[in-house]
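Notes for the one structure printed next.
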Amino acid sequence: MAVTLTEHAVERIVEFLTNRGSGIGIRLRVQTTGCSGLGYNMEFVDYTFDDDTVFEDNGVKIIVDAKSLIYLDGTQVDYVKKGLNEGFEFNNPNAKAECGCGESFTV
1 MAVTLTEHAV
11 ERIVEFLTNR
21 GSGIGIRLRV
31 QTTGCSGLGY
41 NMEFVDYTFD
51 DDTVFEDNGV
61 KIIVDAKSLI
71 YLDGTQVDYV
81 KKGLNEGFEF
91 NNPNAKAECG
101 CGESFTV
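Heads up: the sequence shown begins at 1 in the UniProt record's numbering, then just goes up one per residue.
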């Protein structure tokens, strides 16, 4: 079981946390949303909960709650720039399909 980060994702998250001035890492979770049913949510974390699983990749902590872990196990988070757009991308082996805009997925 693991959630990992690419080098580009690590660099961007470290930059965000540094600019924020606090935080122990990022929380990655799945929520019901979008045309395909499930969407990714990423936020800064200042503390963990008892049901959280904590992964660490290149010094960055990735916190995932128990309900989201079944959907996110094996996911690699990347940070990409495509033309004028840039953002985090989720390479999730559990996703069976994604909506056309790439904002949501199904398992």
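Beta carbons are placed, not taken as given, at the ideal position from N, Cα and C, and that holds for glycine.
Out of the options, which one is the CA nearest neighbour of residue i?
i	options	result
Gln31	Lys81, Phe49, Met42	Met42
His8	Tyr71, Asn94, Gly87	Gly87
Asp46	Leu17, Asp78, Tyr79, Asn85	Leu17
At which residues does the beta strand (DSSP E) containing residue i begin and terminate?
i	result
Phe90	85-91
Phe44	37-45
Ile63	60-64
Ile24	Taken as a continuous stretch (DSSP letters only), Ile24 belongs to no beta strand (DSSP E), as it is neither H nor E.
What separation, rounded to the nearest whole angstrom, lies between the Cα atoms of residue i and residue j?
i	j	result
Gly23	Gly83	30 Å
Ile62	Ala95	19 Å
Tyr71	Thr33	14 Å
Lys81	Leu5	16 Å
Asn92	Asp50	25 Å
Phe90	Ile26	14 Å
Compute the distance between the beta-carbons of residue i and residue j, then report whether it is under 8 Å.
i	j	result
Arg29	Val64	yes
Thr53	Leu69	yes
Thr75	Val3	yes
Asp57	Val10	yes
Following the continuous alpha helix (DSSP H) through residue i, name the residue where it begins and the one where it ends.
i	result
Val14	7-20
With residue i and residue j assumed to form a contact (beta carbons below 8 Å), what rounded beta-carbon distance in angstroms separates them?
i	j	result
Arg20	Phe44	6 Å
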